[in-house]
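Participant: To start, I am sharing the structure in question, which I have written as structure tokens.
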Amino acid sequence: MKFLLFEILLFCCVTLSILSGCSSHQTTATFSFQHVNETRAENFWLLMEEEISRNGVRNSSAPLVSGFPYLRTNRFLVALSSRAESESEKKQVIEQMRRLDLDARFQEVSCLPDAALVKLGNDAGGTMEPGRFKAYISKISARMMASDMQHKDFFDQVVKAQQVEDEYSLLMRTVGLYPLTSLPVLYLTSKARQETVEQLATPSGLLETRGNHVLYACSDRNMLSERNLAMILGRSLANPLRLPSVSVTDEQRLIENYAPVINQDVAGTDDQFGRVGWDGDTITVNQEQPAVYYYLSHTLLRGYPALQINYVIWFANRGGPDVSWLEEGHLDGLTFRYTLDWQGRPVFLDIVQNCGCYHFFVPDRKKVKGVKEKSFALDVFAPVDLPERGENERFLFRIRSGNHQMAGITTSSRVNADQTYELLPYEQLEMLPYRERMFRSLFDGQGIAHGSSRPESWLLFPMGLNDTGSMRQRGHHAIRLVGREHFDDPHLFDNNFFYHDFPLPDSVRIGKKGKSGSYLQKRVNSMKALGRR
Numbered sequence: 002m003k004f005l006l007f008e009i010l011l012f013c014c015v016t017l018s019i020l021s022g023c024s025s026h027q028t029t030a031t032f033s034f035q036h037v038n039e040t041r042a043e044n045f046w047l048l049m050e051e052e053i054s055r056n057g058v059r060n061s062s063a064p065l066v067s068g069f070p071y072l073r074t075n076r077f078l079v080a081l082s083s084r085a086e087s088e089s090e091k092k093q094v095i096e097q098m099r100r101l102d103l104d105a106r107f108q109e110v111s112c113l114p115d116a117a118l119v120k121l122g123n124d125a126g127g128t129m130e131p132g133r134f135k136a137y138i139s140k141i142s143a144r145m146m147a148s149d150m151q152h153k154d155f156f157d158q159v160v161k162a163q164q165v166e167d168e169y170s171l172l173m174r175t176v177g178l179y180p181l182t183s184l185p186v187l188y189l190t191s192k193a194r195q196e197t198v199e200q201l202a203t204p205s206g207l208l209e210t211r212g213n214h215v216l217y218a219c220s221d222r223n224m225l226s227e228r229n230l231a232m233i234l235g236r237s238l239a240n241p242l243r244l245p246s247v248s249v250t251d252e253q254r255l256i257e258n259y260a261p262v263i264n265q266d267v268a269g270t271d272d273q274f275g276r277v278g279w280d281g282d283t284i285t286v287n288q289e290q291p292a293v294y295y296y297l298s299h300t301l302l303r304g305y306p307a308l309q310i311n312y313v314i315w316f317a318n319r320g321g322p323d324v325s326w327l328e329e330g331h332l333d334g335l336t337f338r339y340t341l342d343w344q345g346r347p348v349f350l351d352i353v354q355n356c357g358c359y360h361f362f363v364p365d366r367k368k369v370k371g372v373k374e375k376s377f378a379l380d381v382f383a384p385v386d387l388p389e390r391g392e393n394e395r396f397l398f399r400i401r402s403g404n405h406q407m408a409g410i411t412t413s414s415r416v417n418a419d420q421t422y423e424l425l426p427y428e429q430l431e432m433l434p435y436r437e438r439m440f441r442s443l444f445d446g447q448g449i450a451h452g453s454s455r456p457e458s459w460l461l462f463p464m465g466l467n468d469t470g471s472m473r474q475r476g477h478h479a480i481r482l483v484g485r486e487h488f489d490d491p492h493l494f495d496n497n498f499f500y501h502d503f504p505l506p507d508s509v510r511i512g513k514k515g516k517s518g519s520y521l522q523k524r525v526n527s528m529k530a531l532g533r534r
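Sequential numbering from 2 applies to the sequence shown in the working numbering.
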């Protein structure tokens, strides 16, 4: 009888693995409206979609909008579109979707093999170099959007067509008897949380050290005054939806201002983070080139759009005496995220492993009153408060050896770094140099980092997550095993916390928006820079 049950369980695991591996987060490229005098452009777009799918270079960080293949969306844009009322607000949302598609599409086209690029070039009227190719794609995208926007029900149809799939599978949870199998997982989660509380509460001088401390800091150490931060965020709100939208220059200044100082416990060769790359068909992390990857995102804070800064680090492996064999494997990493108020100051820091595990919040108690209690579920985890940060001080993070979990959060004004790291745009992970004249993403079409699977995925499949424990792309981080919650859920903070009063965007002075150059030129210049690396 026991053997029969084991066979049934094994069959279910294999079946679900096959089903989840074959699933896709994308839709077939079709057009909802006919574009007058754009038959050739439509054919080119459909051919491009075909080549992207056939060559397996789809960037799944944001799904296509069905019927509008020049638009993509994400969880935040779904929420933002429900707020748009005026024509200018609706136009802003649509343009954000188009830009999101162009960002992903430029990367996808850059990852196509030469034969596919030649085919697309011939269809476009001749061979093109990358910069001209991207300009051509952007031009077609703008023309198709302008044509579609002439339809009265255009925006309503786009809103209806938006779909961002849940990372959780109801089928896997049903077959895995989730109501029963979640109980031991719930117990282990509570136990892990208690260990994190004890670890973060331990004074830095009493923390266990297995190796040598290596202090990493950003090579650019420019700090902004409170006044300059308020000015940057103030002028970023000069748009119909008051969506924080910073110029390229201001983005770089913010990224450098909040760049973390990392105190890494180095006991082995896998405890030094670095630059990610391909070596043949294997992902490597170059520890001799320390790097922190960054990107901006948005959420809702007290019901208003707010800006977030994300920093991501990568290690070659996860292992060591503190790591169960179930969690061991190739690649590991952490994401640090700041959610800023409309004066440029952090309201929250939250931290998560790049698999989506061990997520916790670090709130500023001057702005955050408390946690909303949950019924029949674990409350949100906020084990420590954000330390007070003085003028010219940076946040300093202590990271453990082996499991690379957070051991302490403090501030420091004097940083004598042992090593400096380079700040690199996250987009580089989605188009890494690969063999001759080619690029390839770190992530596959389901948003999973190549070669990062863990043995625990077989044990935890009843929690409903495909390939649990593997490293994931932005937009694919499920942060609860028991329950349902996503790292990029725009309601994540408002659903879990009460706030004190602090200035809302309506009370923030809007300055003159800085000159950032055309969107297309920014993206083309960025991609050219990546190609030269």
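Every residue gets a Cβ at the ideal spot worked out from N, C-alpha and C, and that includes glycine.
#1: Going by DSSP, name the residue or residues bridged to Cys219.
#2: Going by other Cβ atoms of all chains shown within 10 Å of its Cβ, with 16 needed for buried, is Lys140 buried or exposed?
#3: Per DSSP, Leu301 forms a beta bridge with which residues?
#4: Consult DSSP for Asn240 and reduce its assignment to one of helix, strand or coil.
#5: Note down, in chain order, each residue of its chain lying with its Cβ closer than 7 Å to the Cβ of Gly22, except the 5 sequence neighbours on either side.
#6: Just how far apart, CA to CA, sit Gly212 and Ser454?
#7: In the DSSP assignment, find the unbroken alpha helix (DSSP H) run with Tyr179 in it and report its ends.
#8: Can you give me the C-alpha to C-alpha distance between Asp365 and Val416, rounded to a whole angstrom?
#9: Which of helix, strand or coil does DSSP assign to Trp326?
#10: Taking the C-alpha atoms as reference points, what is the distance between Gly476 and Arg76?
#11: Looking at C-beta atoms only, is the number of pairs between the region 182–192 and the region 479–490 that lie closer than 8 Å three or more?
#12: State yes or no: is the C-beta of Ile314 within less than 8 Å of the C-beta of Phe274?
#13: Are the beta-carbon atoms of Ala408 and Leu216 separated by less than 8 Å?
#14: Would you call the region 276–286 and the region 255–267 in contact, with 3 or more CB pairs under 8 Å?
#15: Report the three-state DSSP secondary structure of Arg473 (helix, strand or coil).
#16: Using the C-alpha atoms, what's the distance from Leu187 back to Leu443?
#17: Let me make sure I understand the geometry here. Which of Ser82, Trp459, Ser87 has the alpha-carbon closest to that of Val568?
#18: Identify, in the order they occur along the chain, each residue of the same chain with its Cβ nearer than 6 Å to the Cβ of Met464, setting aside the five sequence neighbours on each side.
#19: Which ranges does the beta strand (DSSP E) cover as unbroken runs of at least 3 residues, wholly within the region 365–389, from first to last along the chain?
#20: Can the beta-carbon of Met432 be found less than 8 Å from the beta-carbon of Pro114?
#21: In chain order, what residues of the same chain have a beta carbon less than 8 Å from the beta carbon of Asn56, not counting five sequence neighbours either side?
#22: If you count every other CB in all the chains shown that lies within 10 Å of the CB of Trp175, and 16 or more means buried, which is it?
#23: Name the two residues that bound the continuous beta strand (DSSP E) containing Gln406.
#24: What are the residues that DSSP puts in a beta bridge with Thr250?
#25: CA-CA distance, Thr190 and Cys356?
#26: Quick one: which unbroken alpha helix (DSSP H) runs of 4-plus residues sit fully inside the region 64–88? Chain order, please.
#27: Report the residue from Glu199, Ala218, Glu257, Leu201 whose alpha carbon sits nearest the alpha carbon of Ile224.
#28: Contact defined as beta carbons within less than 8 Å: I believe Thr74 pairs with Ala218. What is the distance between those atoms, to the nearest angstrom?
#29: Look at the alpha carbon of Met232 and the alpha carbon of Arg390, and state the distance between them as a whole number of angstroms.
#30: Which whole-angstrom value describes the C-beta separation of Ile284 and Leu332, a residue pair presumed to lie in contact below a C-beta threshold of 8 Å?
#31: Since Thr412 sits in a beta bridge, which residues does DSSP pair it with?
#32: Since Asp271 and Phe316 are thought to touch, with beta carbons under 8 Å apart, how far apart are those beta carbons, to the nearest angstrom?
#33: Tell me where the alpha helix (DSSP H) around Leu118 begins and ends.
#34: On the DSSP bridge list, what partners appear for Asn213?
#35: Which two residues bound the contiguous alpha helix (DSSP H) that contains Asp149?
#36: State the Cα-Cα distance for the pair Arg100 and Tyr71, rounded to the nearest angstrom.
Facilitator: In terms of the structure at hand:
#1: Tyr422
#2: exposed
#3: Pro306
#4: coil
#5: Low per-residue confidence applies at Gly22: pLDDT is 44, beneath 50, and the placement is therefore not dependable, though the value from the model is reported in the following sentence. Hits under 7 Å: none found.
#6: 27 Å
#7: 179–202
#8: 23 Å
#9: coil
#10: 8 Å
#11: yes
#12: yes
#13: no
#14: no
#15: strand
#16: 31 Å
#17: Only positions 2 to 534 of the chain appear in this structure, which leaves residue 568 out of reach.
#18: Leu482
#19: 369–372
#20: no
#21: Cys112, Leu113, Pro114, Ala117
#22: Contrary to the premise, residue 175 reads as Thr rather than Trp in this sequence. Thr175 is exposed by the Cβ-count criterion.
#23: Counting along the chain, Gln406 falls outside any beta strand (DSSP E), and DSSP gives it neither H nor E.
#24: Thr250 pairs with nothing; no bridge assigned.
#25: 15 Å
#26: 76–82
#27: For clarity, residue 224 is Met in the given sequence; the question names Ile instead. Out of Glu199, Ala218, Glu257, Leu201, Glu257 has the C-alpha closest to the C-alpha of Met224.
#28: Thr74 to Ala218, Cβ: 37 Å. No contact.
#29: 19 Å
#30: 6 Å
#31: Phe396
#32: 6 Å
#33: 115–124
#34: Val267
#35: 131–149
#36: 9 Å
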